[in-house]
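Participant: What follows is a structure written as structure tokens; I'll ask about it next.
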């Protein structure tokens, strides 16, 4: 009896965390105007994206799974699939498999600010840059190099 009750309580605890899972990765945009939505129990195919890119893209949603923005590392589109103000000219190489990631500012649970980390690699150098974006559309920093290495 005690074992059954323990198993039931543990199962309820595990499944309840799924009900409140983080939804920041609910929308994926990639390729040629393509995307996937994982918000509900079924995956939904999206074909409303504005981005055309071979690789190196990323997106982020709010805690409810609503799209905030997505980027290929050179251009940033908002939830309406429009280029954000001053959202062009990021310095990533879109041919790289993972040239861009979005990192929410730590300790900011409501996703008001994000870093966009980009990587630009040439035959001679490898650079990592950061951009700091207020989700109202204001750029606080753009293409700030924080790592650079010359190749031998």
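Numbering (mature numbering (1 follows the signal peptide of the UniProt record, and there is no 0)), first residue to last: -21 to -1, 1 to 131. The beta-carbon is built from N, C-alpha and C at its ideal position, and this holds for glycine as well.
What separation, rounded to the nearest whole angstrom, lies between the Cα atoms of residue 118 and residue 24?
Facilitator: 31 Å
Participant: Sort 123, 42, 33, 43 by Cα distance to residue 50 and report the nearest one.
Facilitator: 33
Participant: When you compare each of 59, 22, 95 to residue 30 by their alpha carbons, which one comes out closest?
Facilitator: 59
Participant: Look at residue 40 and residue 5 and say whether their C-beta atoms are less than 8 Å apart.
Facilitator: One thing to note: residue 40 has its Cβ within 8 Å of the Cβ of residue 5.
Participant: Distance check for residue 126 and residue 112, CA to CA, integer angstroms please.
Facilitator: 19 Å
Participant: Could you say which of 73, 92, 109 lies nearest to residue 140 if we only look at CA atoms?
Facilitator: There is no way to answer for residue 140, as the model of the chain reaches only from -21 to 131.
Participant: In the DSSP assignment, find the beta strand (DSSP E) that holds residue 63 and state where it starts and stops.
Facilitator: 62 to 67
Participant: Just how far apart, CA to CA, sit residue 10 and residue 53?
Facilitator: 14 Å
Participant: Going by the CB atoms, is the gap between residue 123 and residue 109 shorter than 8 Å?
Facilitator: yes
Participant: Among all the DSSP beta bridges, which residues are the ones paired with residue 127?
Facilitator: In the DSSP assignment, residue 127 is bridged to 106.
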